[in-house]
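Novice:
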Amino acid sequence: MLERLKNDFYLAMLTLVGAMIVLCVTPYGLYRLYTGNIVVGIADLLMVTCAIIATRKAWSSGDTVKPGLFMAVVFCIGAVLVCINLGVDGLFWVYPFLVFIFFLVSPLKAFALLVTMLLVLLSYAFWRPGSVFDSQFQMTSFMVTTTISSVFAFIFAYRAQVQRQELKRLATTDSLTGASNRRTLNDQLAVAIYEFTKSARQYGLILLDLDHFKQINDNHGHKVGDQKLIELIPVLKSMLRSQDQVFRFGGEEFVVLVADTRPADLNKLAEKLRAGVEQRMMLPDGSYLTTSIGVAQLQPGEDWEAWLHRADMALYQAKHLGRNQVVTG
1 MLERLKNDFY
11 LAMLTLVGAM
21 IVLCVTPYGL
31 YRLYTGNIVV
41 GIADLLMVTC
51 AIIATRKAWS
61 SGDTVKPGLF
71 MAVVFCIGAV
81 LVCINLGVDG
91 LFWVYPFLVF
101 IFFLVSPLKA
111 FALLVTMLLV
121 LLSYAFWRPG
131 SVFDSQFQMT
141 SFMVTTTISS
151 VFAFIFAYRA
161 QVQRQELKRL
171 ATTDSLTGAS
181 NRRTLNDQLA
191 VAIYEFTKSA
201 RQYGLILLDL
211 DHFKQINDNH
221 GHKVGDQKLI
231 ELIPVLKSML
241 RSQDQVFRFG
251 GEEFVVLVAD
261 TRPADLNKLA
271 EKLRAGVEQR
281 MMLPDGSYLT
291 TSIGVAQLQP
301 GEDWEAWLHR
311 ADMALYQAKH
321 LGRNQVVTG
C-alpha cells in the first residue's frame, strides 16, 4: 500500500484529503446534529461519506480523475451550504477546501470550481444581505483574500503539474527513441495480467530484435545505428492501433503490447511489422534492415514474467532458424 502511495501522487493526495476530511469534519458534523443544526450537520456528514466513497473508488479502480472531480464538486457544494447556514463562522472552511481542490483535480478545473463557488456565495450575499457577511467591507475582504489565495494556489499547482509530467516522461520513456522504457513495460504487463484475469481481455506480446545490428554499428557507425533505432518507432506505430504500445526492451530489442487481439490476428500483425521494417528501413549502402520476431498470446494462469519469457524463447528460435521471420511461442 505504501509503495502504491509513493508511486501515485494523485492517489496519495486524494487519500490524504479524504483522511483529513474524515478526521476533521466528522466531529463538527456530529456536534451540529447534536446542537440541532440539522442542515449543516447533514452537509458535513455527506461530505465525509462522499470522501470515503471517492477514496475507495480510486483505490479499487486505479482511476483518480473521476473520484477527484466528484470529491471537489461535493466540497464546493458543501462549502456553499455551510457558509449560507453558518454565515461568518462557515467562511473559515472555504480556505482549506480551496487548497484541497487543487490537489484533487487539474489546476484549470480547480480554479473554475472555485470561481463558481465564490460567484454563488457572492450572488446569495447580494440577494440576502447580512445572511453570509456582516458588512460590505467583510464581503470585499473575503473575496479579495480568497481570490489572491486561489491565484497563488493555481500558479503553484500548475507549475507542480508541469514538473511532475516532465519527471514522469523522463522516468517512463527511452531517451534515445522516445518509446516507453523497460520500467513502464513491467507496469503495463502487470496491468494486462490484471485485466485478463478480471475481465478476460485478450493480450498479446510481439518481441522484435533487429538482425545483425552490431554489424550495422561496425560498418556504418553508431550514429547510423542510433538513427535507425529512432526511425524504427514511427515505422512500427504507423502499423499499430492507438491502444497498442511500443517499448524499448534493451539495445535493439523492442516489445509491442497488443490489446484485444486473438492469436491469428496477433501473428498477422507480427508478420505485417516484419515486412514493414524490411521494406521501409533502408541503410546507407542500399540494403534494408530485417527483424526477427517472437510472438506470445497471454494464457490463463500465466504471470507476466512467464509470458514475456515465452515471447523471448520464440524470438530466440526465430534467430536460430535464420532470422527475418516470425515464430509463435
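Numbering-wise, UniProt numbering puts 328 at position 328 of the sequence shown, and it's gapless, one number per residue. We put the CB at the ideal spot given by N, CA and C, even for glycine. Predicted, not measured: the structure shown is a model, and the values here were computed from it.
Use the C-beta contact count for residue 196: other C-beta atoms within 10 angstroms, 16 or more gives buried, fewer gives exposed.
Specialist: Here residue 196 is taken as the residue at index 196 of the sequence shown, counted from 1. Around the beta-carbon of residue 196, 16 or more other beta-carbon atoms lie within 10 Å, marking it buried.
Novice: Return the chain-ordered ranges of every alpha helix (DSSP H) run that is complete within the UniProt domain "GGDEF" (201-329) and spans a minimum of 4 residues.
Specialist: 213-220, 222-237, 263-280 and 304-320
Novice: Does residue 144 pass the burial test, meaning 16 or more other C-beta atoms within 10 Å, or should it be called exposed?
Specialist: Counted from its first residue, the sequence shown places residue 144 at position 144. Answer is exposed; the Cβ neighbour count stays below 16.
Novice: Considering Cα atoms alone, identify which of 104, 142, 52 and 65 is closest to residue 154.
Specialist: Numbered from its first residue, the sequence shown carries residue 154 at position 154. Measuring from the Cα of residue 154, the nearest candidate turns out to be 104.
Novice: Span of the alpha helix (DSSP H) holding residue 82?
Specialist: Taking the first residue of the sequence shown as 1, we reach residue 82 at position 82. Counted as a single uninterrupted DSSP element, the alpha helix (DSSP H) harbouring residue 82 occupies residues 65-86.
Novice: Given this structure, state the Cα-to-Cα distance separating residue 291 from residue 276, to the nearest angstrom.
Specialist: For this step, residue 291 is matched to residue 291 along the sequence shown. For this step, residue 276 is matched to residue 276 along the sequence shown. So the alpha carbons of these two residues sit roughly 10 Å apart.
Novice: Measuring straight from C-alpha to C-alpha, what distance separates residue 293 and residue 259?
Specialist: Locating residue 293 in the sequence shown gives position 293, where the first residue counts as 1. Locating residue 259 in the sequence shown gives position 259, where the first residue counts as 1. Computed Cα separation, rounded: 18 Å.
Novice: Using the rule of at least 16 other Cβ atoms within 10 Å of the residue's Cβ for burial, across every protein chain shown, is residue 176 buried or exposed?
Specialist: Numbered from 1 along the sequence shown, position 176 holds the residue referred to as residue 176. So residue 176 ends up on the exposed side.
Novice: Following the continuous alpha helix (DSSP H) through residue 178, name the residue where it begins and the one where it ends.
Specialist: By 1-based counting over the sequence shown, the position of residue 178 is 178. Segment: none, residue 178 is in no alpha helix (DSSP H) and carries neither H nor E.
Novice: Please work out which residues of its chain come closer than 6 Å, Cβ to Cβ, to residue 97, disregarding the five sequence neighbours upstream and downstream, and give them in chain order.
Specialist: Locating residue 97 in the sequence shown gives position 97, counting from the first residue. The answer, listed in chain order, is 75 and 79.
Novice: Please confirm whether residue 192 and residue 298 have their CB atoms less than 8 Å apart.
Specialist: Taking the first residue of the sequence shown as position 1, residue 192 is located at position 192. Taking the first residue of the sequence shown as position 1, residue 298 is located at position 298. Going by C-beta atoms, residue 192 is nearer than 8 Å to residue 298.
Novice: Quick test of your reading: residue 250 and residue 182, contact by CB under 8 Å. State the CB separation rounded to the nearest angstrom.
Specialist: Reading the sequence shown from its first residue, position 250 is the one you call residue 250. Reading the sequence shown from its first residue, position 182 is the one you call residue 182. Rounded, the Cβ-Cβ distance is 7 Å, consistent with contact.
Novice: For residue 173, which three-state DSSP category applies?
Specialist: Within the sequence shown, the letter at position 173 stands for residue 173. Three-state DSSP puts residue 173 in a strand.
Novice: Return the chain-ordered ranges of every alpha helix (DSSP H) run that is complete within the segment 102-183 and spans a minimum of 4 residues.
Specialist: 107-127 and 136-172
Novice: In the segment 6-56, which residue ranges form an unbroken beta strand (DSSP E) of at least 3 residues, counting only runs that do not cross its ends?
Specialist: none
Novice: Classify residue 300: buried if its beta carbon has 16 or more other beta carbons within 10 angstroms, exposed otherwise.
Specialist: To locate residue 300, count along the sequence shown from 1; it is residue 300. Exposed, because fewer than 16 other Cβ atoms sit within 10 Å of the Cβ of residue 300.
Novice: Hey, how far is the Cα of residue 222 from the Cα of residue 265?
Specialist: Numbered from its first residue, the sequence shown carries residue 222 at position 222. Numbered from its first residue, the sequence shown carries residue 265 at position 265. Put simply, the backbone Cα of residue 222 is about 35 Å away from that of residue 265.
Novice: Using CA coordinates, which residue listed in 64, 241, 200 and 327 is at the minimum distance from residue 302?
Specialist: The residue given as residue 302 occupies position 302 in the sequence shown. Closest by alpha carbon: 200.
Novice: Exposed or buried, which one is residue 71 when buried takes at least 16 other CB atoms within 10 Å?
Specialist: As a first step, residue 71 is located in the sequence shown; it is residue number 71 there, counting from the start. Residue 71 is buried by the Cβ-count criterion.
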